[in-house]
Amino acid sequence: MPISTALVPTDRPERYIKQLVSHLGHKATTTLSADGRATITFAGALSGGECVLAPSGNALEMIATAADAEALAVVQDVVTRHLLRFAAQEDLRTEWAEPVAGDELEVLSPVAGDYLLTHCTPPDELLLELVTRTREATGGAAGMQISHDEGALLSLLVRMTGARRAIEVGVFTGYSSLCIARALPEDGHLLACDVSEEWTSVAREYWERAGVAGRVELRIGPALDTLRALPAEQVYDFAFIDADKVGYPAYYEEIVSRLRPGGLVVLDNVFQGGRVFDPAFQEENQVAIRRVNELIARDERVESVMLPVRDGVTLARRK
């Protein structure tokens, strides 16, 4: 499903949004939120076509999607023609970007990514060695390891929440669990869940070398079984979910019900390489991540924010 954007300079974006919503309401389904963001969803010949409108400083931001390139062109034309019709007092310039699929969107440019890596607390020699060891031991699977800046974020969040009891779903070779365990107090406890004896054997080695093995309890087996077997009264302060994506909704539900007030759950890969933005991607991973993203956004038990960190990170704090 192609996606195209346009940024239209104007001092009156809110006015144009209201006019478009009002005028197109007879041929489309429209919504307008209190912050000025509007969605226009077309039916009939344009079924599946949609345009999101939002004020962005002195500009009108537009995001158009449709089932195919032909339908997208029609959506762009309809919205553009009506917008220019309303602009009697100014000369608006509407230039749509070339359409891309969700997985072609550049969520984080290489330049920004490199800058982030070099402007956070740097990894020490042990973490750097673990990166090299993971690459040598797992080959192409090494991409499952979190980046240095995300590891620094996890450590910072653990310390900021004052966490003593933590859960990790998805250990791999132990980079994230090492960042979490190091940030826990000496009597802290991390329940680490994974299904691989091979890859977690690397993690065990580095926990030992870092002097945090006593804080980590590794359980091998389906994580959902491990979580559901936990006593209902057992309370945790912090959790990190970075495992099979299909399991995210169930992992989240089991964990959030066990978080103390003020406890934090962090979920990785909530963008799925940009595929969650594009309804054309309907594989089970993308469907599951969309589901958990929607669940968290509407979950009255938590307050949450989604961050454009690497492949997307969600923080949800139990109220």
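Each residue of the sequence shown is one higher than the one before, counting from 1401 in this note's numbering. By construction, the Cβ of each residue, glycine as well, lies at the ideal position given by its N, Cα and C atoms.
Can you check DSSP and say which residues form a bridge with residue i?
| i | result |
| --- | --- |
| Glu-1653 | In DSSP, Glu-1653 forms no bridge with anything. |
| Asp-1594 | Ile-1620 |
| Tyr-1648 | Answer is none; Tyr-1648 lacks a bridge partner. |
Count the other CB atoms, across all protein chains shown, that sit within 10 Å of the CB of residue i; report buried if there are 16 or more and exposed otherwise.
| i | result |
| --- | --- |
| Gln-1489 | exposed |
| Val-1705 | exposed |
| Gln-1686 | buried |
| His-1361 | Beyond the ends of the chain as shown, which are 1401 and 1719, falls residue 1361; an answer cannot be given. |
| Val-1511 | exposed |
| Leu-1528 | exposed |
Is any beta-carbon of chain C found at less than 9 Å from that of residue i?
| i | result |
| --- | --- |
| Ala-1497 | Of the protein chains in this structure there is only one, and it is not chain C. |
Looking at the secondary structure, which residues open and close the beta strand (DSSP E) in which residue i lies?
| i | result |
| --- | --- |
| Thr-1439 | 1438–1442 |
| Leu-1576 | Strictly speaking, residue 1576 in this sequence is Ser, with Leu absent from that position. Not the beta strand (DSSP E): Ser-1576 falls in the alpha helix (DSSP H), residues 1575–1583. |
| Leu-1659 | 1659–1668 |
| Val-1705 | 1702–1707 |
| Leu-1630 | First-last for Leu-1630: undefined, no H or E at that position. |
| Ala-1688 | Careful: Ala-1688 lies outside any beta strand (DSSP E), inside the alpha helix (DSSP H) at 1684–1697. |
| Arg-1565 | 1565–1569 |
| Arg-1718 | 1713–1718 |
Assign residue i to one of three DSSP states: helix, strand, or coil.
| i | result |
| --- | --- |
| Thr-1521 | coil |
| Phe-1486 | helix |
| Thr-1494 | coil |
| Thr-1532 | helix |
The alpha helix (DSSP H) spanning residue i covers which residue range?
| i | result |
| --- | --- |
| Ile-1372 | Because the chain spans 1401 through 1719 in this model, residue 1372 falls outside it and cannot be assessed. |
| Val-1500 | Note, Val-1500: premise wrong, no alpha helix (DSSP H); not H, not E. |
| Leu-1556 | 1548–1561 |
| Leu-1453 | That residue, Leu-1453, is in no alpha helix (DSSP H); its beta strand (DSSP E) goes 1450–1455. |
| Leu-1508 | Careful: Leu-1508 lies outside any alpha helix (DSSP H) and carries neither H nor E. |
### Message
Whether or not the stretch 1452–1463 and the stretch 1401–1414 are in contact is what I'm after, with contact meaning three or more pairs of Cβ atoms, one per stretch, closer than 8 Å; do they touch?
### Response
yes
### Message
I want to know whether the stretch 1516–1524 touches the stretch 1676–1696 - three or more CB-CB distances under 8 Å.
### Response
no
### Task
Answer yes if the stretch 1601–1614 comes into contact with the stretch 1638–1655, meaning at least three C-beta pairs across the two stretches below 8 Å, and no otherwise.
no
### Query
Can we say the stretch 1589–1603 touches the stretch 1620–1640, given the rule of at least three CB pairs closer than 8 Å?
yes
### Query
Are the stretch 1564–1578 and the stretch 1623–1643 in contact at 8 Å, needing three or more beta carbon pairs?
yes
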